[in-house]
Amino acid sequence: VFSKGFGEIDIKLNQFAHEFWVLPEVAGKFTFKNQVLRTNNLTLGQTKIDKVMIKGKLSLADIQDPSFDMVLLSRNVPVNKLFAMFGGMFEASLTGQMAWLKARLQGRGEDLKQITQSLQGRISFNLKDGRINTARLLIGAVQLFVIPVDPSPKAERAH
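Position 112 (the sequence shown) corresponds to 810 in my numbering; numbering is contiguous.
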C-alpha cells in the first residue's frame, strides 16, 4: 500500500498529547518517498525551556517489521521540563540543567513491545548543577519501555 506513495507535510501544533506523552509546541516537516517517512527538523517545545530537536526516518519497506533510526538533541534545558513530556515516569530521577543531550536510537517492530525488545542506541548527556537518582531513573525506564525487571538481584548486590 505504501510502495508508490509520496508526499510532504508541515505541522505546527501548540500541543500533542497521547497516552502518557505530553509534547508542547510540535513543529516540523515530514516527507514520504520510497516507503520511508523522514524528518530533518522536528522540534518539540520552546528554546531554553524544553526544546528537543529530532532527525529521523521510519522505513515501511517491510510493513510487517517497520524500522526507525533517529537522533535527538537538546541544549540548555532544565531536566524537569525535558522529562515533563513523559508524564510522571521520571519524576525525581534527575535534577538540574541539561547542558546537552544527544540520543541515537534504532529499533523495529509492529508495536511498542517489539520496538522495546529491539531498541538499541546510545544516550549521552552533560548534567549541570544536578543529581541523578539511579533507582528512580530505572523505574522510569521500566515504565516507559514496559521492561520486566526483578529488583531482587540489584538489591542483593547493594548489600
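Just so you know, even glycine gets a beta-carbon here, dropped at the ideal spot from N, CA and C.
Using the Cα positions of L740 and K727, report the straight-line distance between them to the nearest angstrom. 7 Å
Looking at the structure shown, is G703 part of a helix, part of a strand, or coil, going by DSSP? coil
Here's the rule I'm using: 16 or more other beta-carbon atoms within 10 Å means buried, otherwise exposed. How should K749 be labelled? buried
Spell out a yes or no on whether the stretch 785–794 and the stretch 802–815 are touching, meaning 3 or more CB-CB pairs, one atom from each, closer than 8 Å. no
Chain-order list of residues whose beta-carbon lies under 6 Å from that of L711 (same chain, five-residue window excluded): V724
On a CA-only basis, which of V769, A790, A759, D763 is nearest P776? Give me that one, please. A790
Spatial neighbours of K865 within its chain, please: CB distance less than 7 Å, with the 5 preceding and 5 following residues excluded, ordered by chain position. Look at the range of the chain in this structure, 699 to 857, and you will see that residue 865 is not part of it.
Environment of G743 [buried if 16+ CB atoms lie within 10 Å]: buried
Completely contained alpha helix (DSSP H) runs for the stretch 774–807, where each covers 4 or more residues: 777–781
Assuming N774 and K746 form a contact by the criterion Cβ under 8 Å, report the distance between their Cβ atoms to the nearest whole angstrom. 5 Å
Just how far apart, CA to CA, sit A759 and R829? 43 Å
With DSSP as the reference, label T745 as helix, strand or coil. coil
Give every residue of the same chain whose Cβ lies closer than 6 Å to the Cβ of S765, excluding the five residues on either side of it in the sequence, and list them in chain order. S757, R806
Would you decide whether S772 is buried or exposed? Buried here means 16 or more other CB atoms lie within 10 Å of its CB. buried
For A725, list the residues DSSP reports as bridge partners. K710, T741
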